[in-house]
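Heads up, the thing below is written out as structure tokens.
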DNA sequence: CCTATAGCCTGACGGC
DNA sequence: TGCCGTCAGGCTATAG
């Protein structure tokens with residue numbers, strides 16, 4: 025689930041539950057979810073420290089410790105966070121558990137082990153080193169900047185929206201939603217888009233992501249007019265009633281309404 | 001340099 | 001019921 029809206033909800037969750045708490049211990053149940061940092065080094069650096077601040081950039085979550093180091097979290101395809109009182113409540117797939125001095129815990133959940141937790145000196149430097157683009161909801165990403173990015177890009181609109189080195193935070197699900205609302209076929213090439221269309225994509229991008237956050241990144245709470253609640257074979261377009269069809273782009277599934285989303289505007 | 005494709009992992013689900 | 005193939009909201013390394 026973790027695209028920008030989901031990670032934003034995780035960020036608020038950490039802020040609400042775990043901020044300013046002192047870490048008593050760190051339990052690594054499966055070291056595969058660790059990046060460069062070792063279990064030992066993680067424990068040594070985090071133990072005794074407090075969670076001072078939490079930030080998000082694209083699909084990454086950053087937790088600032090009171091020794092100025094940063095925890096980085098990426099959730100892969102199946103990650104989330106859980107806060108709980110008794111360790112008996114820890115879900116089976118919580119691969120990493122922080123225990124705070126008040127006895128509560130924060131668990132990093134990752135069924136498929138595709139997510140990563142790491143430790144870095146500087147979050148901004150980390151973002152630079154990963155070559156991540158501007159966060160999709162950052163005010164610095166204006167419609168003008170967006171147009172410039174779009175104008176210098178190649179390939180399809182879908183790959184443009186999902187390219188984390190161009191814009192951070194949009195994945196397979198939300199790119200489908202944005203293109204559905206902008207009435208564009210995901211295989212539409214970015215070259216030759218007129219200014220109106222570019223602005224429409226930009227507006228839908230912001231609108232969809234903000235709405236999703238407002239709904240707690242819970243697909244059940246999204247408006248019925250959204251594609252996401254209908255994103256399955258055999259379902260119907262909430263706008264025109266036409267069939268929702270699945271197509272493959274670069275090995276991944278895209279869901280579209282062929283009646284609403286033509287190749288040409 | 002770039003775009004396109006396997007590979008990483010495990011669990012859920014549908015078809016036989 | 002049980003097995004097997006396929007698929008799942010992502011990223012990275014590697015091939016061409």
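Residue numbers (this note's numbering): 25 to 289. In this text, a Cβ means the ideal position worked out from N, Cα and C, and glycines have one as well. Model, not experiment: these values are computed from the prediction.
As a quick exercise: from the options, pick the residue whose alpha carbon is nearest that of residue i.
i           : options            : result
residue 135 : 70, 166, 53, 158   : 53
residue 62  : 143, 187, 34, 165  : 143
residue 267 : 276, 257, 275      : 257
residue 199 : 236, 163, 247, 106 : 236
residue 287 : 44, 92, 209        : 209
residue 122 : 137, 106, 116      : 106
residue 110 : 124, 117, 97       : 124
residue 76  : 211, 92, 243, 120  : 92
residue 120 : 248, 81, 84, 67    : 67
residue 74  : 89, 83, 84         : 89
residue 80  : 69, 65, 98         : 98
residue 38  : 179, 129, 50       : 129
residue 126 : 149, 49, 181, 254  : 49
residue 188 : 153, 221, 216, 217 : 153
residue 179 : 206, 161, 216, 163 : 216
I'd like the span of the beta strand (DSSP E) that includes residue i, first residue to last.
i           : result
residue 110 : Note, residue 110: premise wrong, no beta strand (DSSP E); not H, not E.
residue 132 : 129-134
residue 277 : 276-281
residue 272 : 268-273
residue 144 : 140-144
Mind checking which residues open and close the alpha helix (DSSP H) that includes residue i?
i           : result
residue 226 : 219-238
residue 36  : 28-41
residue 45  : It is not in any alpha helix (DSSP H) - residue 45 carries neither H nor E in the DSSP assignment.
residue 198 : 196-205
residue 170 : 167-175
residue 70  : 63-70
residue 181 : 181-186
residue 147 : 147-153
Pull up the CB-CB distance for residue i and residue j, whole angstroms please, since I reckon it's below 8 Å.
i           : j           : result
residue 204 : residue 280 : 7 Å
residue 263 : residue 284 : 6 Å
residue 307 : residue 72  : There is no way to answer for residue 307, as the model of the chain reaches only from 25 to 289.
residue 196 : residue 276 : 5 Å
residue 95  : residue 108 : Between residue 108 and residue 95 the Cβ distance is about 19 Å, and since that is not below 8 Å, they are no contact.
residue 251 : residue 171 : The Cβ separation is near 24 Å, so there is no contact.
Name the DSSP beta bridge partners of residue i, please?
i           : result
residue 84  : 81, 98
residue 104 : 133
residue 192 : 159
residue 124 : 47
residue 75  : 89
residue 52  : 120
residue 209 : In DSSP, residue 209 forms no bridge with anything.
residue 254 : According to DSSP, which records beta bridges pairwise, residue 254 is partnered with nothing at all.
Check whether the region 100-117 touches the region 126-141, taking contact to mean three or more Cβ pairs, one atom from each stretch, closer than 8 Å. yes
Is it the case that the region 223-237 contacts the region 158-171, given that we only count it when at least three CB pairs across the two stretches are under 8 Å? yes
Using 8 Å as the cut-off, can you tell me whether the region 185-195 makes contact with the region 148-163, which would need three or more C-beta pairs spanning the two stretches below that distance? yes
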